[in-house]
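Report on the following structure.
Numbering (the numbering used here), first residue to last: 3 to 196.
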(Lines of atoms letter the chains of each structure in order from A and count residues from 1; the text may use other names and numbers.)
(Lines give C-alpha, C1' and ligand atoms only; values in the text may rest on other atoms or scores of the structure.)
Protein backbone atom coordinates (compact mmCIF):
# COMPACT_ATOMS: atom_id res chain seq x y z
CA UNK A 1 0.00 0.00 0.00
CA UNK A 2 2.80 2.38 0.88
CA UNK A 3 4.50 1.76 -2.51
CA UNK A 4 1.20 2.44 -4.25
CA UNK A 5 0.77 5.79 -2.41
CA UNK A 6 4.32 6.88 -3.26
CA UNK A 7 3.80 5.92 -6.91
CA UNK A 8 0.54 7.90 -7.09
CA UNK A 9 2.22 10.90 -5.44
CA UNK A 10 5.14 10.82 -7.90
CA UNK A 11 2.85 10.49 -10.91
CA UNK A 12 0.71 13.41 -9.74
CA UNK A 13 3.85 15.56 -9.30
CA UNK A 14 5.01 14.68 -12.82
CA UNK A 15 1.56 15.46 -14.19
CA UNK A 16 1.53 18.91 -12.53
CA UNK A 17 5.01 19.63 -13.91
CA UNK A 18 3.88 18.53 -17.38
CA UNK A 19 0.82 20.79 -17.17
CA UNK A 20 3.00 23.69 -16.02
CA UNK A 21 5.32 23.18 -18.99
CA UNK A 22 2.34 23.02 -21.37
CA UNK A 23 1.11 26.32 -19.94
CA UNK A 24 4.53 27.91 -20.36
CA UNK A 25 4.79 26.65 -23.96
CA UNK A 26 1.31 28.01 -24.67
CA UNK A 27 2.33 31.38 -23.20
CA UNK A 28 5.49 31.39 -25.33
CA UNK A 29 3.45 30.62 -28.46
CA UNK A 30 1.07 33.49 -27.70
CA UNK A 31 3.91 35.98 -27.15
CA UNK A 32 5.61 34.75 -30.33
CA UNK A 33 2.43 35.28 -32.38
CA UNK A 34 1.93 38.79 -30.95
CA UNK A 35 5.49 39.80 -31.84
CA UNK A 36 5.26 38.24 -35.34
CA UNK A 37 2.00 40.08 -35.98
CA UNK A 38 3.48 43.41 -34.86
CA UNK A 39 6.58 42.87 -37.02
CA UNK A 40 4.33 42.03 -39.98
CA UNK A 41 2.34 45.23 -39.52
CA UNK A 42 5.51 47.37 -39.15
CA UNK A 43 4.43 48.44 -35.65
CA UNK A 44 7.94 48.30 -34.19
CA UNK A 45 10.72 50.79 -34.62
CA UNK A 46 13.96 49.18 -35.75
CA UNK A 47 17.70 49.70 -35.81
CA UNK A 48 19.93 48.00 -38.38
CA UNK A 49 23.61 47.28 -38.25
CA UNK A 50 25.62 45.45 -40.89
CA UNK A 51 29.09 43.96 -40.83
CA UNK A 52 31.60 42.23 -43.06
CA UNK A 53 34.50 40.23 -41.70
CA UNK A 54 37.18 38.87 -44.04
CA UNK A 55 38.70 36.75 -41.25
CA UNK A 56 35.60 34.55 -41.11
CA UNK A 57 34.35 35.15 -44.67
CA UNK A 58 31.16 36.27 -43.02
CA UNK A 59 28.82 39.17 -43.61
CA UNK A 60 25.63 39.90 -41.80
CA UNK A 61 22.87 42.24 -40.78
CA UNK A 62 21.51 42.63 -37.26
CA UNK A 63 18.09 44.23 -36.81
CA UNK A 64 16.74 45.20 -33.40
CA UNK A 65 12.96 45.68 -33.09
CA UNK A 66 11.53 47.89 -30.36
CA UNK A 67 8.12 48.63 -28.90
CA UNK A 68 8.83 52.17 -27.67
CA UNK A 69 12.19 51.60 -25.99
CA UNK A 70 11.58 47.95 -25.07
CA UNK A 71 13.48 45.39 -27.14
CA UNK A 72 11.15 42.72 -28.53
CA UNK A 73 13.04 40.96 -31.31
CA UNK A 74 16.54 40.57 -32.73
CA UNK A 75 17.03 39.28 -36.26
CA UNK A 76 20.58 38.27 -37.17
CA UNK A 77 21.04 37.15 -40.77
CA UNK A 78 24.48 36.18 -42.02
CA UNK A 79 26.25 34.06 -44.58
CA UNK A 80 29.27 31.81 -44.26
CA UNK A 81 30.44 30.33 -47.53
CA UNK A 82 27.45 28.35 -48.94
CA UNK A 83 25.34 28.51 -45.78
CA UNK A 84 22.77 31.19 -44.98
CA UNK A 85 21.84 31.67 -41.35
CA UNK A 86 18.88 33.42 -39.78
CA UNK A 87 18.83 33.64 -35.99
CA UNK A 88 15.77 35.18 -34.36
CA UNK A 89 15.59 36.09 -30.68
CA UNK A 90 12.22 36.88 -29.09
CA UNK A 91 12.21 38.98 -25.93
CA UNK A 92 9.54 39.75 -23.34
CA UNK A 93 10.20 41.90 -20.26
CA UNK A 94 13.92 41.95 -21.13
CA UNK A 95 14.15 38.14 -21.09
CA UNK A 96 14.74 35.81 -23.98
CA UNK A 97 11.78 33.43 -24.21
CA UNK A 98 12.17 31.90 -27.67
CA UNK A 99 14.90 31.50 -30.26
CA UNK A 100 14.52 30.24 -33.82
CA UNK A 101 17.56 29.37 -35.93
CA UNK A 102 17.28 28.60 -39.64
CA UNK A 103 20.31 27.32 -41.56
CA UNK A 104 20.00 26.94 -45.31
CA UNK A 105 22.59 25.21 -47.50
CA UNK A 106 22.50 25.37 -51.30
CA UNK A 107 24.27 22.82 -53.48
CA UNK A 108 23.96 20.94 -56.77
CA UNK A 109 23.64 17.21 -57.33
CA UNK A 110 24.07 15.14 -60.46
CA UNK A 111 22.85 11.83 -58.98
CA UNK A 112 19.36 11.80 -60.46
CA UNK A 113 20.01 13.28 -63.90
CA UNK A 114 22.82 14.48 -66.16
CA UNK A 115 21.65 18.05 -65.61
CA UNK A 116 22.47 19.56 -62.24
CA UNK A 117 19.65 19.66 -59.72
CA UNK A 118 19.67 22.55 -57.28
CA UNK A 119 19.13 21.33 -53.72
CA UNK A 120 18.25 23.51 -50.77
CA UNK A 121 18.66 21.83 -47.39
CA UNK A 122 17.05 23.68 -44.48
CA UNK A 123 17.36 23.00 -40.77
CA UNK A 124 15.27 24.88 -38.22
CA UNK A 125 15.96 24.72 -34.50
CA UNK A 126 13.60 26.08 -31.87
CA UNK A 127 14.59 26.83 -28.29
CA UNK A 128 11.95 27.59 -25.66
CA UNK A 129 13.12 29.40 -22.52
CA UNK A 130 11.57 30.14 -19.15
CA UNK A 131 13.60 32.49 -16.95
CA UNK A 132 16.67 31.89 -19.13
CA UNK A 133 16.46 28.11 -18.73
CA UNK A 134 15.68 25.93 -21.71
CA UNK A 135 12.50 23.93 -21.28
CA UNK A 136 12.03 22.51 -24.78
CA UNK A 137 14.17 22.22 -27.91
CA UNK A 138 13.06 21.01 -31.35
CA UNK A 139 14.55 20.51 -34.79
CA UNK A 140 12.99 20.29 -38.25
CA UNK A 141 14.88 19.39 -41.45
CA UNK A 142 13.73 19.33 -45.05
CA UNK A 143 15.03 19.59 -48.62
CA UNK A 144 13.66 21.14 -51.76
CA UNK A 145 14.76 20.59 -55.35
CA UNK A 146 14.95 23.13 -58.18
CA UNK A 147 13.22 25.91 -56.25
CA UNK A 148 10.05 23.90 -55.61
CA UNK A 149 7.72 25.49 -53.06
CA UNK A 150 8.58 24.60 -49.49
CA UNK A 151 5.92 22.60 -47.66
CA UNK A 152 7.16 22.81 -44.07
CA UNK A 153 3.74 22.13 -42.55
CA UNK A 154 4.02 18.49 -43.60
CA UNK A 155 7.40 18.11 -41.86
CA UNK A 156 7.15 17.42 -38.17
CA UNK A 157 9.56 18.74 -35.55
CA UNK A 158 11.52 16.36 -33.35
CA UNK A 159 12.42 16.98 -29.75
CA UNK A 160 16.15 17.22 -29.17
CA UNK A 161 18.38 17.66 -26.18
CA UNK A 162 18.91 21.28 -25.25
CA UNK A 163 22.71 20.98 -25.31
CA UNK A 164 23.13 24.24 -27.23
CA UNK A 165 20.85 26.41 -25.10
CA UNK A 166 23.77 27.99 -23.20
CA UNK A 167 25.37 28.91 -26.55
CA UNK A 168 22.08 30.51 -27.60
CA UNK A 169 22.01 32.61 -24.42
CA UNK A 170 25.66 33.58 -24.95
CA UNK A 171 24.98 34.70 -28.54
CA UNK A 172 21.93 36.65 -27.40
CA UNK A 173 24.06 38.51 -24.84
CA UNK A 174 26.75 39.19 -27.46
CA UNK A 175 24.11 40.79 -29.70
CA UNK A 176 22.86 42.89 -26.77
CA UNK A 177 26.43 44.01 -26.04
CA UNK A 178 27.04 44.82 -29.70
CA UNK A 179 23.94 47.02 -29.72
CA UNK A 180 24.87 48.88 -26.55
CA UNK A 181 28.54 49.40 -27.47
CA UNK A 182 27.89 50.61 -31.01
CA UNK A 183 31.22 49.03 -31.83
CA UNK A 184 33.16 50.14 -34.88
CA UNK A 185 34.79 46.70 -35.02
CA UNK A 186 32.78 44.98 -37.73
CA UNK A 187 34.31 41.61 -36.90
CA UNK A 188 33.32 41.73 -33.22
CA UNK A 189 30.07 39.80 -33.69
CA UNK A 190 31.62 37.18 -35.97
CA UNK A 191 34.64 36.72 -33.70
CA UNK A 192 32.65 36.41 -30.48
CA UNK A 193 29.97 34.15 -31.93
CA UNK A 194 32.48 31.47 -32.98
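Every residue gets a Cβ at the ideal spot worked out from N, C-alpha and C, and that includes glycine.
Option nearest residue i by Cα separation, candidates the options
i: residue 176; options: 101, 189, 194 and 164; result: 194
i: residue 173; options: 190, 160, 85 and 83; result: 190
i: residue 44; options: 146, 163 and 70; result: 70
i: residue 22; options: 124, 161, 150 and 132; result: 132
i: residue 114; options: 83, 142, 99 and 147; result: 147
i: residue 48; options: 141, 77 and 31; result: 77
i: residue 182; options: 28, 30, 31 and 50; result: 50
For residue i, three-class secondary structure by DSSP
i: residue 43; result: coil
i: residue 117; result: coil
i: residue 183; result: helix
i: residue 34; result: helix
i: residue 194; result: helix
i: residue 170; result: helix
i: residue 28; result: helix
i: residue 142; result: strand
Integer-rounded CB distance, given that residue j should sit under 8 Å from residue i
i: residue 103; j: residue 126; result: 7 Å
i: residue 60; j: residue 81; result: 7 Å
i: residue 97; j: residue 129; result: The pair is not a contact, with the Cβ atoms about 13 Å apart (cut-off 8 Å).
i: residue 120; j: residue 108; result: 7 Å
i: residue 144; j: residue 64; result: Rounded, the Cβ-Cβ distance is 27 Å, inconsistent with contact.
i: residue 26; j: residue 137; result: 6 Å
i: residue 192; j: residue 34; result: Not a contact, Cβ separation roughly 27 Å.
i: residue 99; j: residue 162; result: About 18 Å; that fails the 8 Å criterion.
Same chain only: Cβ atoms within 7 Å of residue i, ignoring 5 sequence neighbours per side
i: residue 41; result: 67 and 75
Contact set for residue i: own chain, Cβ-Cβ below 6 Å, skip 5 residues either direction
i: residue 93; result: 73 and 74
i: residue 164; result: 136 and 139
Same chain, Cβ closer than 8 Å to residue i, neighbours up to 5 away in sequence not counted
i: residue 85; result: 105, 106 and 107
i: residue 118; result: 110, 111 and 112
Residue i: CB within 7 Å of a non-hydrogen atom of the ligand HEM
i: residue 69; result: The ligand content of the structure shown is nil, which means the ligand HEM is not present either.
Segments of 3+ residues assigned as beta strand (DSSP E) that fall wholly inside the segment 46-95:
Counting only runs of 3 or more, we get 47-55, 60-69, 72-82 and 85-94.
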